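So the structure is just underneath, and the comments pick up after that.
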Amino acid sequence: MVDPEPRHRQRRTRGEHVVSRRYPIGRAVRRLPMLGWLVLVWLLLWGTYDPGTAFFGIVVGVLVIWFFPAPPIATDIRLRPLRLGQLVLFLAWDLVVSTGRVAFEAIVRGPRVRASIVAVTLVTDSDHLMAMVANAVSLAPGNFVLQIDRANRICYVYALGAGEHATERVRREVLGWERRVVHAVGTGEQVRMVDRNHRSEVG
Numbered sequence: 000m001v002d003p004e005p006r007h008r009q010r011r012t013r014g015e016h017v018v019s020r021r022y023p024i025g026r027a028v029r030r031l032p033m034l035g036w037l038v039l040v041w042l043l044l045w046g047t048y049d050p051g052t053a054f055f056g057i058v059v060g061v062l063v064i065w066f067f068p069a070p071p072i073a074t075d076i077r078l079r080p081l082r083l084g085q086l087v088l089f090l091a092w093d094l095v096v097s098t099g100r101v102a103f104e105a106i107v108r109g110p111r112v113r114a115s116i117v118a119v120t121l122v123t124d125s126d127h128l129m130a131m132v133a134n135a136v137s138l139a140p141g142n143f144v145l146q147i148d149r150a151n152r153i154c155y156v157y158a159l160g161a162g163e164h165a166t167e168r169v170r171r172e173v174l175g176w177e178r179r180v181v182h183a184v185g186t187g188e189q190v191r192m193v194d195r196n197h198r199s200e201v202g
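Under numbering that gives the first Met the number 0, think of the first position of the sequence shown as 0, with each following residue one higher.
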């Protein structure tokens, strides 16, 4: 009988790694972030941070992961530490700039300030990247992603300010966030896609 699909194709789907049951050590390593999160929640609930509380938090976390295992998540994210650090710094800077912009609008225009909803079509087609872009856009005051049209890759962004210039500014900002996120955690093909789009925008 002929295998309808080669073995290397069965292990990978669209460049995404599939977790295998034959590698228990790898599965354990991938669950360490979840264990760390559960321990942190345990410490925050108790309000004490001594070694004994942390030890019981680890025990409870291991039991939770053992008896209620989460399904494996397949992703094509490629972490680039330098670009990720730049993304975090830009997030902090944008928080300051956006806060100043919102304060200016509130002081100068007050109740006369207007808002608009801008539809921005993203370049890449990835659930993880779209979620990260939406969170980055919504983190600072002034902009907020109201809805995502997943099928058409469209983010509907609520933003302070109205008019043609405000709409174009929001569009450039969202696409700029997508480019930074992709450069930090995207694949090589996704990086080339956003770079081509950026060159066409400025060219």
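In this text, a Cβ means the ideal position worked out from N, Cα and C, and glycines have one as well. Here the structure is a predicted model, which is why all the values come from computation and not from measurement.
Alpha-carbon to alpha-carbon, residue j and residue i
i	j	result
Ala102	Pro110	13 Å
Arg198	Ile147	25 Å
Ala53	Gly84	29 Å
Arg82	Val190	12 Å
Ser137	Leu86	15 Å
Met33	Val59	12 Å
Gly185	Leu128	8 Å
His203	Val173	In the structure as shown, the chain begins at 0 and stops at 202. Residue 203 is therefore absent and cannot be evaluated.
Val144	Cys154	7 Å
Residues near residue i by beta carbon distance below 8 Å, same chain, minus five either side
i	result
Thr166	Ser115, Val117
Ser125	Asp75, Gly185, Gln189
Which of helix, strand or coil DSSP assigns to residue i
i	result
Ile57	helix
Phe67	coil
Asn142	strand
Leu39	helix
Thr120	strand
Arg20	The pLDDT assigned to Arg20 is 47, lower than 50, so where the model puts this residue is not dependable; a value taken from the coordinates is nonetheless given after this. In the structure shown, Arg20 sits in coil (DSSP, three-state: anything other than H, G, I, E or B).
Asp49	coil
Leu62	helix
Pro137	Here the sequence assigns Ser to residue 137, which means Pro is not the residue at that position. Helix.
Proximal residues to residue i (C-beta, below 6 Å), its chain only, five neighbours per side dropped
i	result
Ala69	none
Val132	Trp176, Glu177, Val180
Ser19	Here the model assigns Ser19 a pLDDT of 41, short of 50, so the residue's position is not dependable and the matter cannot be decided.
C-beta neighbour in chain B for residue i, strict 8 Å
i	result
Tyr48	Annotation note: the requested chain B is absent from the structure, which comprises a single protein chain.
Is there contact between the region 160-180 and the region 78-97, where contact requires at least three CB pairs shorter than 8 Å? yes
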